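One structure is given here, and the rest of the page talks about it.
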């Protein structure tokens, strides 16, 4: 088979249809592991911000996790707050800047372990903010320990024989819980394990920004992301492993859309 | 004369905060700070501000942090126990340069260490104002927001239940303060995609196209800033110290009581003076050193087991001159200042010390003594 | 000089109301004031003590007064919290029938006021507190009757506005009682004495 | 070529697009390999400057961006040719 030289742009007449990185990313390089799903999710979020023309009208609040290093890479006004507190910080920001899209970027450890009260009560208040949870079922930043969202049987560094319901307790299905709350206007769960799912997730991210801006309350956008390092699997097997473990517990799709009736955002 | 209103300390502080431009407050009820929250809840909406009844002190302080980071004058508040829960965020505000005012309507005077030493991580300090009464509380409220913005630091305002609940006629004067530069650092959301987006982050990493100085350099800058504040912002009040053989040091309400007693004793011919740190951090060390130069007795009155006395010891030479005349003193509820905050008791204790006698023990005032 | 006043009695007698109303009335006359309630017995039936300080200049008194020179006793219950703190020669206004057994009043000026009876005459036994304030005002001149009535009205919550008339009558009856006894202005507030040339 | 590519369907007859790959930033996670609908990406047998294997493009790219979508390291840039290349008649000179 003939290998094509891909080191330089093509010589023949051609149109560039996609850049290496979204324009709101200052730099391609990052230190996240091979096969990590988080940069993919962040790419989607940044692309949607541009599509929705929120580039100069948004503030990001990052929690603590591997994704936190993206504060240096994302060309948006941003702060990195204390572990778990992002929805509280977002509340203060949104109340003082109601016209600005305020969004949090958190992991499952940040949101469901350390900061469960913050996300629940911010949803209860119906704050018009967007909260992203990058869910990989482990504390990736510290090397792969159990979080509140680790699934039963999942092997982590501190559930080495697998998470046991009787001993370690059961995972928290936060999106399902929030979807029952009147203050949460949009709740959805996407994934970045393949291109189709990525496209579906992109559409959900659009709504996750639009609904709070339209006053429908808090949007929780959970995104399943691969963490092959934290799962102790080869990078190339991360996607498959994820859908066999987390994917079986955390079903994909929209769980709630209070703004569906007023939706002029036809599938584009 | 501007018309005076009869306000308790809590309401006066809230009115002063609104006049100072505060537009955000988040709090969680805890006596004796609860009334502050109630007044904020009632009054902030009238000036297009927001008061959020947060579900925990952790959330309250982080909400205020967020509001401050987008440029609003923001505050939170509680009593000392509530502030204990807020310590992580107060340290965060110090290290990521967020101006924030934290009102502490303390249950007593046991928050001195917490305020001046802090309970959070890192090389930081918190400017702490300790007003002696309602009038000074009004002034300090303005100063707290001003100093917070001027240096981009958290500022603790530490009053107590006596100040919060005593009502006084006040015209709510607004002190004249220097004009501060606009908050061009605030995260207003407008700089995305410009290549000059803003960041607030305790690690000083900056953005990829404009790298920050990194943690080491950044935390040195922060420490330098606190050095500058220490030199510039120490405040104190003193009286009769020039020829005083005995100087009594006290803060907050205690300072007011001591001043009262010292004036009485002066009138009776005792060579006695008083010294009150108005800011607990920066502690007015140099001023105290000068004020006590000729004193053979330095008496420290504080309602705790001995906290500020450490700063007195650091400030002056000759430790054997320094003696505590305060102590732990609560009322039966455990929420309020106890019987030691009484001019007659303070007077007795000072005279006992001057006569070389041991401290007079307070009578038993255990549960039920007052009911 | 400042006027410092203790009001003491049983929770529910209007002790807090007396203190607050006198403070507000003084404020209406551009005096500087301080008012504080003593905590621990705020429920009905418990002890109730307030302190009021009025002066021509910003108040320097401490929030819990070590001593005072004036007192209003609405009851002899709980008097032990106040009596020992009065300076020699203090003025004490005592309700005639329920503060009739105050101990250790020697060395003080004791003025008995039939506040309960006057309140009843005005139309409401509960407005005894109002009658007492009227008497205090007439006896000391510390505050004017009109300011007192305005301060009383200012304080009434909407659901108690119907009591304004009765309260005003009680204030007037209290003052009238002092006049009838020939005691008007007999014990002037300290700051008034200062303004009178010696 | 790796064993994996041996099993693949033969290259498509038409190449509609191409990619630029920043191979020295690739961490070799292989997510792009199964993501590619025409299955024209395979992993190299030799490492890049960091020692990671990286994707190699064969004829038949449609310019669909799936590789770019799944790539966590932003190493792909996508082009679509104005005129598709007929691989049955393509010569070395006409390829890029």
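Residue numbers (the UniProt record's numbering), protein chains in the order written: chain Z, 1 to 268; chain D, 1 to 371; chain V, 1 to 198; chain U, 1 to 96.
Even for Gly, the Cβ is constructed at its ideal location relative to N, Cα and C.
Here the structure is a predicted model, which is why all the values come from computation and not from measurement.
Cα-Cα separation between residue i and residue j, rounded to whole angstroms
i, j, result
"residue 71 of chain U", "residue 34 of chain D", "53 angstroms"
"residue 17 of chain D", "residue 47 of chain D", "11 angstroms"
"residue 87 of chain Z", "residue 119 of chain Z", "6 angstroms"
"residue 49 of chain V", "residue 9 of chain V", "7 angstroms"
"residue 83 of chain D", "residue 57 of chain D", "8 angstroms"
"residue 146 of chain V", "residue 172 of chain V", "10 angstroms"
"residue 194 of chain D", "residue 78 of chain Z", "13 angstroms"
"residue 285 of chain D", "residue 155 of chain D", "19 angstroms"
"residue 142 of chain V", "residue 335 of chain D", "35 angstroms"
"residue 78 of chain U", "residue 81 of chain D", "58 angstroms"
"residue 115 of chain V", "residue 131 of chain V", "5 angstroms"
"residue 240 of chain Z", "residue 225 of chain Z", "11 angstroms"
"residue 62 of chain Z", "residue 50 of chain U", "30 angstroms"
"residue 109 of chain V", "residue 125 of chain V", "26 angstroms"
"residue 176 of chain Z", "residue 69 of chain U", "27 angstroms"
"residue 186 of chain D", "residue 90 of chain D", "18 angstroms"
"residue 73 of chain V", "residue 16 of chain V", "12 angstroms"
"residue 260 of chain Z", "residue 123 of chain Z", "18 angstroms"
"residue 158 of chain Z", "residue 48 of chain U", "35 angstroms"
"residue 16 of chain U", "residue 59 of chain Z", "39 angstroms"
"residue 2 of chain Z", "residue 38 of chain U", "15 angstroms"
"residue 115 of chain Z", "residue 282 of chain D", "34 angstroms"
"residue 234 of chain D", "residue 250 of chain D", "15 angstroms"
"residue 85 of chain D", "residue 35 of chain V", "33 angstroms"
"residue 67 of chain U", "residue 40 of chain D", "54 angstroms"
Expected contact under 8 angstroms - CB spacing of residue i and residue j to nearest Å
i, j, result
"residue 189 of chain Z", "residue 238 of chain Z", "Not a contact, Cβ separation roughly 18 angstroms."
"residue 103 of chain D", "residue 36 of chain D", "6 angstroms"
"residue 126 of chain Z", "residue 183 of chain Z", "3 angstroms"
"residue 135 of chain D", "residue 177 of chain D", "The Cβ separation is near 17 angstroms, so there is no contact."
"residue 42 of chain U", "residue 56 of chain U", "5 angstroms"
"residue 66 of chain Z", "residue 166 of chain Z", "Going by Cβ atoms, the distance from residue 66 of chain Z to residue 166 of chain Z rounds to 30 angstroms, so no, they are not a contact pair."
"residue 20 of chain U", "residue 85 of chain U", "Rounded, the Cβ-Cβ distance is 16 angstroms, inconsistent with contact."
"residue 172 of chain D", "residue 12 of chain D", "7 angstroms"
Chain D contact for residue i (CB, 8 angstroms cutoff)
i, result
"residue 33 of chain V", "yes"
"residue 59 of chain V", "yes"
"residue 71 of chain V", "no"
"residue 269 of chain Z", "Look at the range of chain Z in this structure, 1 to 268, and you will see that residue 269 of chain Z is not part of it."
"residue 91 of chain Z", "yes"
Residue i at chain Z interface by Cβ criterion, 8 angstroms
i, result
"residue 126 of chain D", "no"
"residue 44 of chain D", "no"
"residue 155 of chain D", "no"
"residue 199 of chain D", "yes"
"residue 69 of chain U", "yes"
"residue 69 of chain D", "yes"
Contact with chain V by residue i, beta-carbon distance below 8 angstroms
i, result
"residue 240 of chain D", "no"
"residue 342 of chain D", "yes"
"residue 301 of chain D", "no"
Chain U within 8 angstroms of residue i, Cβ atoms only
i, result
"residue 12 of chain Z", "yes"
"residue 36 of chain Z", "yes"
### Task
Quick one: which unbroken alpha helix (DSSP H) runs of 4-plus residues sit fully inside the region 89-144 of chain D? Chain order, please.
112-117
### Query
At what residue ranges does the region 107-166 of chain Z contain a whole run of the alpha helix (DSSP H), taking only runs of 4 or more?
116-125
### Query
Counting only runs that start and end within the region 28-114 of chain Z, where is the alpha helix (DSSP H) found for 4 or more residues in a row?
38-51, 86-96
### Query
Can you find at least 3 beta carbon pairs, one from the region 5-16 of chain Z and one from the region 29-45 of chain Z, that sit closer than 8 angstroms?
Between the region 5-16 of chain Z and the region 29-45 of chain Z, the count of C-beta pairs closer than 8 angstroms stays below three; the two stretches do not touch.
### Query
Hey, which unbroken runs of the alpha helix (DSSP H) at 4 residues or more fall wholly within the region 270-300 of chain D?
285-291
### Query
Taking one C-beta from the region 19-35 of chain U and one from the region 182-192 of chain V each time, how about it: are there three or more such pairs within less than 8 angstroms?
no
### Task
Determine contact between the region 289-305 of chain D and the region 230-248 of chain D, defined as no fewer than three beta-carbon pairs at a distance below 8 angstroms.
Touching, per the Cβ criterion.
### Query
Relative to chain B, which residues along the region 154-186 of chain D have a C-beta separation below 7 angstroms, given in chain order?
Here the protein chains are Z, D, V and U, and chain B is not one of them.
### Query
What runs of the alpha helix (DSSP H), each 4 residues or longer, lie entirely inside the region 17-43 of chain D?
Correct list: 34-43.
### Query
For the region 73-128 of chain V, which segments carrying the beta strand (DSSP E) assignment without a break, of at least 3 residues, lie completely within its bounds, in sequence order?
If one requires a minimum length of 3 residues, the beta strand (DSSP E) runs lying completely within the region 73-128 of chain V are 86-95, 109-113, in chain order.
### Message
With three or more C-beta pairs closer than 8 angstroms as the rule, is the region 18-28 of chain D touching the region 50-66 of chain D?
### Response
yes
### Message
Taking contact to mean 3 or more Cβ pairs, one atom from each stretch, closer than 8 angstroms, check whether the region 213-223 of chain D and the region 273-282 of chain D are in contact.
### Response
no
### Query
Whole alpha helix (DSSP H) runs in the region 174-250 of chain Z with 4 or more residues, listed along the chain?
174-178, 195-213, 228-231, 238-244, 246-249
### Task
Taking only runs that begin and end inside the UniProt domain "4Fe-4S ferredoxin-type" (17-46) of chain U, name each unbroken beta strand (DSSP E) of 3 or more residues, in chain order.
Here the runs fully enclosed are 41-43.
### Message
Give the list of continuous beta strand (DSSP E) stretches no shorter than 3 residues that lie fully inside the region 140-180 of chain D.
### Response
154-160, 167-170
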